[in-house]
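See below for the structure under consideration.
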Amino acid sequence: MKQYLVFDIGGTNLKYAMLDAAGNIVEKNKKPTVKTGLQEFLNEMYEIADSYAGKFKGIAISCPGKIDVDNKIIHFGGSLPFLDGVNVQKLFGDKYQVPVSVENDGKAAALAEMWLGALKDVVSGEMLTLGSEVGGGIVVGGQLIHGAHFQAGELSFMRYDMNCDDWSGFTGQKGSAVNMIKRVNEALGNSDLEDGQKAFEAINAGDKTAMAIFTDYCRDVANIILSVQAVVDGAKVVIAGGISAQEIVIKTINEQYDFLAKKFYRVGNELTKPEIVRAQFENDANIFGALYALLLDVNGQSDEAK
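For the sequence shown, counting from 1, position 166 maps to 153 in our numbering; every step adds exactly one.
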């Protein structure tokens, strides 16, 4: 049975797992992400890979940043800027003499949904990851779109408020679940502004102050979906991120999309609404998606990758 070593590089944790070609996790673990520098970070990854020496037929990596999937080079690196310029082929493929792949974390999550989740067999659609900003991926013709510069689907860069002169007017901030939670907790007088549980306790209880902020946020997300729908004409929009576990999130986003469709005649009568659903994968999405990227890279549309 072929097995693959998969790394999910995050700003907080370095997750890793061994999976077979069907997407079954054989074992998984995580360690705090080393942030002191590139060599120390690589040493941690090498130590993990060495512990599985001879057991894996390939290495798949998910990480933040703009990813050149053709040449397997990381650019920028998000919260880990020392990853900028890292060549995964040279540092891992040549070292371990196995096929390697590297994919942006948001796109990896979308690939997981395409392979085994809510975007399976969807010809056109998109996934929105609602976290500190808005990430995700766009599917057209049954393929994940990377774009000429590997930045397709980076929805955070869409300008939302044309009258705003700073980053707060961009989709990344308007669709930020973290910012919404902070606003709710601040309005309620909670000491921990990042406490999502407290914020949603108030939202689910119907607190008027919390609900007003939450409803406005869901309308912003609905506006983002509407804008993307005008370009992609997707059959389905998959919502991911920690807040998607709350049933009220998908429900309210749908309600706010319907509100906009009624408010603007041509939207309601000419632009077909996509199905808006919750992502099936949660914490392990990037692991499954990174593996799928590797299988596609090595085998194309093979039986293993379907």
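Don't be surprised by glycine CBs; every beta carbon is placed ideally from N, CA and C.
Quantities reported herein were computed from a predicted structural model and do not represent experimental measurements.
Hey, how far is the Cα of residue i from the Cα of residue j?
i	j	result
aspartate 152	arginine 146	10 Å
threonine 116	aspartate 220	19 Å
leucine 106	leucine 131	11 Å
aspartate 108	leucine 175	43 Å
tyrosine 244	glutamine 26	47 Å
glutamate 188	glycine 156	28 Å
aspartate 290	leucine 283	Because aspartate 290 carries a pLDDT of 38, less than 50, the predicted location of this residue cannot be relied on, and no value is offered for it.
asparagine 286	alanine 280	10 Å
Taking C-alpha atoms, which residue in the options lies nearest to residue i?
i	options	result
serine 163	Val121, Lys17, Asp108 and Lys18	Val121
leucine 70	Val254, Pro86 and Asn91	Asn91
valine 75	Leu29, Ala99, Trp102 and Gly65	Leu29
lysine 2	Ile12, Asn16 and Lys44	Asn16
alanine 95	Lys82, Ile(-4) and Val285	Ile(-4)
valine 21	Lys59, Glu31 and Glu14	Glu31
threonine 23	Val(-7), Tyr(-9) and Ser66	Ser66
Assign residue i to one of two classes, buried (16 or more other C-beta atoms within 10 Å of its C-beta) or exposed (fewer than that).
i	result
serine 38	exposed
alanine 277	buried
asparagine 273	buried
threonine 158	buried
valine 215	buried
Would you list the one or two residues that DSSP bridges to residue i?
i	result
cysteine 50	Asn91
glutamate 269	Per DSSP, none; premise fails for glutamate 269.
aspartate 182	Answer by DSSP bridge pairing: none, since aspartate 182 is not bridged.
glutamate 345	This structure cannot settle anything about residue 345, because the visible part of the chain is limited to -12 through 293.
proline 19	Asn0
phenylalanine 157	Arg146
Round the Cβ separation of residue i and residue j to the nearest angstrom and send it over; I've been treating them as touching at under 8 Å.
i	j	result
valine 236	proline 261	The Cβ separation is near 16 Å, so there is no contact.
alanine 201	valine 171	Per the sequence shown, the amino acid found at residue 201 is phenylalanine instead of alanine. With 8 Å as the limit, phenylalanine 201 and valine 171 qualify as a contact, their Cβ atoms being about 7 Å apart.
alanine 36	leucine -8	6 Å
phenylalanine 275	leucine 103	6 Å
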